Amino acid sequence: MSQSLPRIEIEYCTQCRWLLRAAWTAQELLTTFQDEVGEVALQPGTGGIFEVRIGDDIVWSRAAQQRFPEMKELKQLVRDRISPGRDLGHSDRSSAQP
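Note that the working numbering has the sequence shown beginning at 936, numbered continuously upward.
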């Protein structure tokens, strides 16, 4: 493959014990984007950080949004950056639909 696949980095706060949340997030992203992602890395941090980045792009910042992402919205944000035309199936449907 001539083009390298994107690297997703999840920086999480070790003081807050958010490793399991970060690992679960990584698992969900790897499962959903198994053919579109080259790597998902977990980076320990401090100070309440929980950020998801693709390259230098911050996809989600707990500090900026004042909350953790819903997995559905995080998958949509990641998809919009790495595979914009991709259908995410149930993750693309609004909760108002049956």
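All C-beta atoms, glycine included, are put in the ideal place defined by N, C-alpha and C.
Remember, it's a predicted structure, so these values are computed and weren't measured experimentally.
Pair within 8 Å by beta-carbon distance, residue i and residue j
{"i": "residue 935", "j": "residue 971", "result": "For residue 935 there is no data in the structure shown, the boundaries of the chain being 936 and 1033."}
{"i": "residue 1016", "j": "residue 989", "result": "yes"}
{"i": "residue 976", "j": "residue 942", "result": "yes"}
Cβ distance (whole Å) where residue i is taken to contact residue j below 8 Å
{"i": "residue 995", "j": "residue 1012", "result": "6 Å"}
{"i": "residue 966", "j": "residue 945", "result": "In fact, because the Cβ distance is near 14 Å, the residues do not count as touching under 8 Å."}
Closest Cα partner of residue i within the set the options
{"i": "residue 1021", "options": "968, 984 and 980", "result": "968"}
{"i": "residue 985", "options": "973, 974, 1000 and 991", "result": "1000"}
Task: Unbroken stretches of the beta strand (DSSP E), 3 residues or longer, contained in the stretch 945-1032 - done: 974-980, 985-989 and 992-996
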